[in-house]
């Protein structure tokens with residue numbers, strides 16, 4: 001299976017032509033102008049308004065960071081804001097932290113994400129329905145409803161079924177980055193492309 005994927009992906013993954021200024025402009029202008037800024041204090045609206053003045057510098061800087069594989073100090077710094085989950089907050093579990101990143105960091109990650117979009121559906125299992133263009137998280141909800149309906153309506157046979165719902169707390173914190181890197185290389189992603197994702 002992986003060898004088939006690798007042959008399909010090698011043509012289209014991140015080992016693509018040089019980045020274009022249009023990719024950076026699209027990334028900035030696809031953001032909501034009044035989104036909260038990161039530690040540097042500049043929101044997307046600032047860069048959108050002054051694009052004609054600073055667009056070329058943003059493009060040059062972004063390409064330089066991606067070529068070198070090194071971000072300048074503090075570019076990927078974030079402010080953490082707490083959003084209340086319910087009516088009453090008595091412990092830290094009652095808050096949802098969100099990270100407010102610098103816009104230039106978001107621009108670079110969005111450029112990379114846009115390059116990945118065309119191959120995501122080939123890399124990610126059909127069972128994963130969230131965060132993949134053309135798929136809906138409701139697909140899995142409907143599948144679960146159908147399975148439970150089938151289990152409830154089954155009247156024949158001695159063999160029973162069981163359903164198990166798992167929710168991994170702090171799933172993102174449990175990612176094995178070395179495993180992810182090895183899998184991307186096995187699937188045909190270029191080493192440079194993998195390095196960009198691991199930045």
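In full-length UniProt numbering, the protein residues as written are 1 to 199. Note that the Cβ used here is the ideal one computed from N, Cα and C, for glycine as well. Predicted, not measured: the structure shown is a model, and the values here were computed from it.
Which residues mark the beginning and the end of the alpha helix (DSSP H) in which residue 90 is found? For the purposes of this step, residue 90 is taken as residue 90 along the chain shown, with counting starting at 1. That residue, residue 90, is in no alpha helix (DSSP H); it is neither H nor E in DSSP.
Write down the C-beta distance between residue 38 and residue 111 rounded to the nearest angstrom, noting that I regard them as a contact closer than 8 Å. In the chain shown, the residue the question calls residue 38 occupies position 38. In the chain shown, the residue the question calls residue 111 occupies position 111. Contact doesn't hold; Cβ gap of about 17 Å is too wide.
Would you decide whether residue 172 is buried or exposed? Buried here means 16 or more other CB atoms lie within 10 Å of its CB. Locating residue 172 in the chain shown gives position 172, where the first residue counts as 1. It is exposed - the Cβ of residue 172 has fewer than 16 other Cβ atoms within 10 Å.
So for residue 100, helix, strand or coil by DSSP? Counting from 1 along the chain shown, the entry for residue 100 is found at position 100. Residue 100 falls in the strand class under three-state DSSP.
Closest to residue 102 by C-alpha separation, out of 170, 40, 166, 192, would be which residue? In the chain shown, residue 102 corresponds to position 102, counting from 1. Residue 102 has its Cα closest to that of 40, out of 170, 40, 166, 192.
Taking just the CA atoms, how far does residue 104 sit from residue 74? Translated into positions along the chain shown, residue 74 becomes position 74. Translated into positions along the chain shown, residue 104 becomes position 104. Looking at the two C-alpha atoms, the distance is approximately 11 Å.
Alpha carbon of residue 164 to alpha carbon of residue 23, nearest angstrom: Along the chain shown, read from residue 1 onward, the residue named residue 164 stands at position 164. Along the chain shown, read from residue 1 onward, the residue named residue 23 stands at position 23. Cα to Cα, the separation comes out at about 43 Å.
List the endpoints of the continuous alpha helix (DSSP H) containing residue 130. Your numbering for residue 130 matches position 130 in the chain shown. Counting along the chain, residue 130 falls outside any alpha helix (DSSP H), and DSSP gives it neither H nor E.
Just the Cα atoms here: how many angstroms apart are residue 166 and residue 84? Position 166 of the chain shown, counting from 1, holds the residue named residue 166. Position 84 of the chain shown, counting from 1, holds the residue named residue 84. Straight-line Cα distance between these residues: approximately 24 Å.
Give the single residue among 138, 121, 142 whose Cα lies nearest to the Cα of residue 132. What you label residue 132 is simply residue 132 of the chain shown in a count that begins at 1. Residue 132 has its Cα closest to that of 121, out of 138, 121, 142.
Measuring straight from C-alpha to C-alpha, what distance separates residue 151 and residue 65? By one-based count along the chain shown, residue 151 stands at place 151. By one-based count along the chain shown, residue 65 stands at place 65. Distance between the alpha carbons of residue 151 and residue 65 is about 54 Å.
Beta-carbon spacing of residue 36, residue 43 below 8 Å: Indexing the chain shown from 1 puts residue 36 at position 36. Indexing the chain shown from 1 puts residue 43 at position 43. In contact: residue 36 and residue 43 (Cβ atoms closer than 8 Å).
Ends of the alpha helix (DSSP H) at residue 148? As a first step, residue 148 is located in the chain shown; it is residue number 148 there, counting from the start. Unbroken alpha helix (DSSP H) run through residue 148: 137-153.
Using the beta-carbon count (16 or more within 10 Å), is residue 69 buried or exposed? Within the chain shown, numbered from 1, the residue matching residue 69 stands at position 69. Exposed.
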